[in-house]
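Notes follow the structure.
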Amino acid sequence: MEAQTEEARSLQKIEMKVKKAIFDYGLIQEGDRILVGLSGGKDSLALVNLLGRRSRIFNPHFEVVVAHVHMRNIPYSADIAYLRAQAEAYGFPFFLLETGFDPSTDTRKTPCFLCSWTRRKALFELAKQERCTKIALGHHQDDLLETLLMNLLYQGSFGTMPPRLRMDKFKMEIIRPLCLVSERELEAWAQAHHYPTLVRACPYEKDSKRSEAKRLLTHLETLSPEVRPSLWRSMSHIQTDYLPQKVEFTKEK
49 MEAQTEEARS LQKIEMKVKK AIFDYGLIQE GDRILVGLSG GKDSLALVNL
99 LGRRSRIFNP HFEVVVAHVH MRNIPYSADI AYLRAQAEAY GFPFFLLETG
149 FDPSTDTRKT PCFLCSWTRR KALFELAKQE RCTKIALGHH QDDLLETLLM
199 NLLYQGSFGT MPPRLRMDKF KMEIIRPLCL VSERELEAWA QAHHYPTLVR
249 ACPYEKDSKR SEAKRLLTHL ETLSPEVRPS LWRSMSHIQT DYLPQKVEFT
299 KEK
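Letter by letter, the sequence shown follows residues 49 to 301 in this note's numbering.
Take a look at the structure:
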């Protein structure tokens with residue numbers, strides 16, 4: 049009984065983190081209609097499950113539409129019937145989209161970028177069709193921290209995927225309700241809810257910069273157990289007075 053109680057507490061903690069993210073970052077407002085991208089992995093499955101549970105609280109009141117994007121040239125194997133059942137368990141409409149991309153068409157962009165953009169474009173089009181105000185993605189806190197490290201190491205910039213992002217070009221907002229939830233917590237959630245394992249066979253994923261950032265983040269944690277919360281706090285505790293600042297000179301006439 050004690051183990052079950054501890055598991056229940058852990059799952060409740062995840063729900064509280066999603067609630068905190070929704071209110072702290074203004075992710076969901078009254079009357080929102082949200083499109084959830086459901087890949088079939090544990091993160092997006094948890095997102096559907098958590099938003100489904102949250103939608104029954106009616107504070108704020110919102111609607112959800114669920115979509116799975118099948119990439120013709122990426123050999124992911126998802127059980128479509130299972131994904132549809134997960135959405136319909138909460139009364140959410142389910143859409144199956146099919147698209148693809150040719151990595152040789154733009155060698156300046158990585159295949160990971162092209163794949164992500166192609167899937168995102170399909171979601172934007174469906175969101176517009178279904179009169180959705182926002183698109184919810186299953187990025188968790190580790191994803192955001194890894195992106196922070198990638199930007200620091202490879203782009204020379206300090207930034208990440210924000211919990212809430214306004215896409216002016218598409219007149220749409222992207223939200224990440226799992227932004228405060230760690231990947232470890234989502235693994236525990238997936239195990240408790242018996243999610244099936246998504247067969248991942250992407251030929252580009254193994255050697256991606258994100259895989260390197262994930263390994264680096266894990267290594268940093270061996271040096272300091274508090275590295276993840278410290279990195280997260282750093283994004284809202286920027287001490288500009290202690291950063292290099294160029295001096296602008298005015299030209300003499």
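Cβ coordinates follow ideal geometry from the N, Cα and C atoms, glycine included.
Anticipated Cβ contact below 8 Å, residue i with residue j, distance rounded
i: ALA135; j: GLU194; result: That belief does not hold up - the Cβ atoms of ALA135 and GLU194 are roughly 28 Å apart, past 8 Å.
i: GLY85; j: VAL117; result: 7 Å
i: LYS90; j: LEU234; result: 6 Å
i: MET119; j: ARG167; result: 7 Å
i: HIS267; j: GLU231; result: Wrong, their Cβ atoms sit about 15 Å apart, outside the cutoff.
i: LEU246; j: GLY148; result: About 18 Å; that fails the 8 Å criterion.
i: GLU240; j: LEU95; result: For the record, residue 240 in the displayed sequence is Ala; it is not Glu. With 8 Å as the limit, ALA240 and LEU95 do not qualify as a contact, their Cβ atoms being about 15 Å apart.
Residues near residue i by beta carbon distance below 7 Å, same chain, minus five either side
i: SER256; result: CYS160
i: GLU175; result: Contrary to the premise, residue 175 reads as Ala rather than Glu in this sequence. So the qualifying residues of the chain are LEU83, ILE183, MET220.
i: LEU213; result: GLU221, ILE222
i: GLU78; result: PRO108, HIS109
i: LEU264; result: LEU197
i: SER103; result: PHE110, VAL112, TYR138
Enclosing alpha helix (DSSP H) for residue i [first to last residue]
i: ASP80; result: Unbroken run through ASP80 is the beta strand (DSSP E), 80-85; no alpha helix (DSSP H).
i: GLU136; result: 128-136
i: SER284; result: Taken as a continuous stretch (DSSP letters only), SER284 belongs to no alpha helix (DSSP H), as it is neither H nor E.
i: ARG263; result: 257-271
i: LYS90; result: 90-103
Opening and closing residue of the beta strand (DSSP E) in which residue i lies
i: THR147; result: 142-147
i: HIS116; result: 110-119
Cβ-based neighbour list, residue i, same chain, cut-off 6 Å, excluding 5 preceding and 5 following
i: TYR243; result: LYS90, LEU93
i: MET49; result: Any reading at MET49 must be qualified, since the residue scores a pLDDT of 44, below 50, and its modelled position is unreliable; the value itself is stated next. Closer than 6 Å at Cβ, skipping near neighbours: no residue.
i: GLY204; result: none
i: GLU146; result: HIS118
Neighbourhood of residue i by C-beta, 8 Å cutoff - its chain only, sequence neighbours within 5 removed
i: VAL295; result: none
i: ARG276; result: GLN189, ASP190, LEU193, SER230, LEU265, GLU269
i: PHE172; result: ILE183, MET215, PHE218, MET220
- Message: What ranges does the alpha helix (DSSP H) occupy inside the region 165-244, keeping only unbroken runs of at least 4 residues that lie completely in it?
- Response: Fully enclosed alpha helix (DSSP H) runs of 4 or longer: 189-198, 231-240.
- Message: For the pair the region 98-110 and the region 73-84, tell me if three or more CB-CB distances fall below 8 Å.
- Response: At 8 Å Cβ cutoff, the stretches touch.
- Query: Any contact of the region 57-69 with the region 217-232, i.e. 3+ C-beta pairs under 8 Å?
  - Reply: Counting Cβ pairs under 8 Å, three or more are found: they touch.
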